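J.:
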Amino acid sequence: MPAKKKESADSVASATRVTAGAVATAPRLAVRKTYKLFIGGAFPRSESGRTYVVADSKGQFVANAAQASRKDARDAVLAARAAFGKWSGATAYNKGQVIYRIAEMLEGRRDEFTSLEVPASEVDEAIDRLVWYAGWTDKLAQVVGGANPVAGPFFNISSPEPSGVVAVVAPSQPTLLGLVSVIAPAMATGNTVIVITDAPRVAITLAEVLATSDVPGGVVNILTGSAAEVAPWLASHSDVNGLDLTGVTDAKLALELEQAAAETLKRVRRPAAVDWSADPGLAPMTAYLETKTVWHPKGM
1 MPAKKKESAD
11 SVASATRVTA
21 GAVATAPRLA
31 VRKTYKLFIG
41 GAFPRSESGR
51 TYVVADSKGQ
61 FVANAAQASR
71 KDARDAVLAA
81 RAAFGKWSGA
91 TAYNKGQVIY
101 RIAEMLEGRR
111 DEFTSLEVPA
121 SEVDEAIDRL
131 VWYAGWTDKL
141 AQVVGGANPV
151 AGPFFNISSP
161 EPSGVVAVVA
171 PSQPTLLGLV
181 SVIAPAMATG
191 NTVIVITDAP
201 RVAITLAEVL
211 ATSDVPGGVV
221 NILTGSAAEV
231 APWLASHSDV
241 NGLDLTGVTD
251 AKLALELEQA
261 AAETLKRVRR
271 PAAVDWSADP
281 GLAPMTAYLE
291 TKTVWHPKGM
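All residue numbers for the sequence shown refer to the UniProt record's numbering, where the first residue is 1 and numbers rise by one.
#1: Buried or exposed: where does Gly96 fall if 16 or more other Cβ atoms within 10 Å of its Cβ makes it buried?
#2: Go through the stretch 150-193 residue by residue and report every complete run of the beta strand (DSSP E) that reaches 3 residues or more, in order.
#3: Rounded to the nearest angstrom, what separates Val220 and Phe84 at their Cα positions?
#4: If we define contact as Cβ-Cβ less than 8 Å, is Val215 a contact residue for chain D?
#5: What are the boundary residues of the alpha helix (DSSP H) that includes Arg267?
#6: How should Glu290 be labelled, buried or exposed, when 16 other C-beta atoms within 10 angstroms of its C-beta is the threshold for buried?
#7: Checking 8 Å against the spacing of the C-beta atoms, do Gly225 and Ala68 come in under that value?
#8: Are three or more beta carbon pairs between the stretch 168-183 and the stretch 112-126 nearer than 8 Å?
#9: List the endpoints of the continuous alpha helix (DSSP H) containing Val209.
#10: To the nearest whole angstrom, what separates the beta carbons of Leu116 and Val202, a pair I think is in contact under 8 Å?
#11: Can you name, in chain order, every residue of its own chain whose Cβ lies under 8 Å from the Cβ of Thr246, other than the five neighbours on each side?
#12: Under 8 Å, do Ile194 and Leu234 count as touching if we go by C-beta distance?
#13: Look at the alpha carbon of Pro284 and the alpha carbon of Ala186, and state the distance between them as a whole number of angstroms.
#14: To the nearest angstrom, how far is it from the Cα of Leu37 to the Cα of Lys71?
#15: Can you give, in chain order, each stretch of the beta strand (DSSP E) that sits fully within the stretch 209-294 and has at least 3 residues?
#16: Quick check: the Cα distance between Leu253 and Pro232, rounded to an integer number of angstroms?
#17: Would you report the Cα separation of Tyr35 and Ala42, rounded to the nearest angstrom?
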């Protein structure tokens with residue numbers, strides 16, 4: 001090859017290497033994840049199109065999240081009501097299998113939750129809490145129900161039944177264990193759930209676990225955004241049967257929600273400060289149960 005042509009070829013090759021290096025080291029635009037809502041087993045965006053920016057513990061913006069509206073709350077109620085008949089009618093054994101499956105799937109995604117700044121110990125506690133509630137599904141009726149002695153030739157049997165659709169304002173901290181501790185007891189007793197949370201990264205990642213855990217669509221619905229904006233509509237909705245105010249820290253808002261719930265005779269639970277690591281006892285499960293008493297004549 002002539003010297004001039006060789007020099008030209010070397011220059012082109014050198015320029016190509018420099019350009020390739022520049023492309024390889026150029027900073028790239030971060031693609032932030034947008035966390036959608038979880039309604040009826042699907043992940044829709046908010047009907048309003050609104051989103052808000054989510055920051056990590058260091059104050060850095062790491063994601064976007066859908067901001068639920070009144071219309072989204074109404075859609076969640078419709079989905080929860082539609083799912084109630086099938087879920088409440090499932091056998092206690094089957095409910096336990098489904099909740100145990102959630103624990104299995106959560107176990108397989110431990111690293112994903114720890115990457116979201118959830119302590120590994122909290123992930124373990126959340127998994128154990130799910131297994132605990134899975135074990136109660138076919139035992140609770142024996143503890144809170146039973147045969148009643150009556151004066152007469154009758155069998156008198158009391159049996160617990162789910163109330164229906166339960167709306168929950170989830171606690172902000174601790175994130176995962178708090179969410180599991182308000183969702184699982186309502187599920188275990190045959191209720192369907194609508195959760196309002198301001199912790200979208202953990203909540204919607206948990207929704208992804210639920211979506212792959214044999215949980216029928218609509219049994220659990222998660223709305224991300226402001227409880228002050230969405231909760232009043234659920235508190236006053238006539239097709240919502242229970243209200244859990246565990247995550248409400250504003251006393252004025254809690255009172256307003258209790259007053260709105262009273263108009264439709266909802267069961268309302270507003271526990272004091274909760275130690276999520278402690279034994280939860282039966283109260284979270286019995287809070288949204290109705291007791292049905294049946295009389296049956298003997299000898300027939």
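Built from N, CA and C at the ideal position, the CB exists for glycine as well. Bear in mind the structure is a predicted one, so any value in this text is a computation, not a measurement.
T.: Based on what the coordinates show:
#1: Counting from one through the sequence shown, the residue named residue 96 turns up at place 96. Taking all protein chains in view, the Cβ of Gly96 is crowded by 16 or more other Cβ atoms within 10 Å, so the residue is classified as buried.
#2: 154-162, 165-169
#3: Taking the first residue of the sequence shown as position 1, residue 220 is located at position 220. Taking the first residue of the sequence shown as position 1, residue 84 is located at position 84. Distance between the alpha carbons of Val220 and Phe84: 10 Å.
#4: Of the protein chains in the structure, only one exists, and it is not chain D.
#5: Here the question's residue 267 lines up with position 267 in the sequence shown. Unbroken run through Arg267 is the beta strand (DSSP E), 267-269; no alpha helix (DSSP H).
#6: By one-based count along the sequence shown, residue 290 stands at place 290. Exposed.
#7: For the purposes of this step, residue 225 is identified with residue 225 of the sequence shown, where counting begins at 1. For the purposes of this step, residue 68 is identified with residue 68 of the sequence shown, where counting begins at 1. Taking 8 Å as the Cβ cut-off, Gly225 and Ala68 qualify as a contacting pair.
#8: yes
#9: Position 209 of the sequence shown holds residue 209. First-last of the alpha helix (DSSP H) with Val209: 200-211.
#10: Walking along the sequence shown from the start, residue 116 turns up at place 116. Walking along the sequence shown from the start, residue 202 turns up at place 202. Rounded, the Cβ-Cβ distance is 6 Å, consistent with contact.
#11: What you label residue 246 is simply residue 246 of the sequence shown in a count that begins at 1. Here the set comprises Val168, Val169, Ala170, Pro171, Gly178, Val182, Arg269, Arg270, Pro271, Val274.
#12: As a first step, residue 194 is located in the sequence shown; it is residue number 194 there, counting from the start. As a first step, residue 234 is located in the sequence shown; it is residue number 234 there, counting from the start. The answer is yes: Cβ separation under 8 Å.
#13: Here residue 284 refers to the residue found at position 284 of the sequence shown. Here residue 186 refers to the residue found at position 186 of the sequence shown. Each residue's CA atom was taken as its position, placing Pro284 and Ala186 some 7 Å apart.
#14: Numbered from its first residue, the sequence shown carries residue 37 at position 37. Numbered from its first residue, the sequence shown carries residue 71 at position 71. The straight-line gap from Cα to Cα measures roughly 12 Å.
#15: 220-224, 242-244, 267-269
#16: Counting from 1 along the sequence shown, the entry for residue 253 is found at position 253. Counting from 1 along the sequence shown, the entry for residue 232 is found at position 232. Distance from the CA of Leu253 to the CA of Pro232, rounded to the nearest whole angstrom, comes to 9 Å.
#17: For the purposes of this step, residue 35 is identified with residue 35 of the sequence shown, where counting begins at 1. For the purposes of this step, residue 42 is identified with residue 42 of the sequence shown, where counting begins at 1. Each residue's Cα considered, the two are about 12 Å apart.
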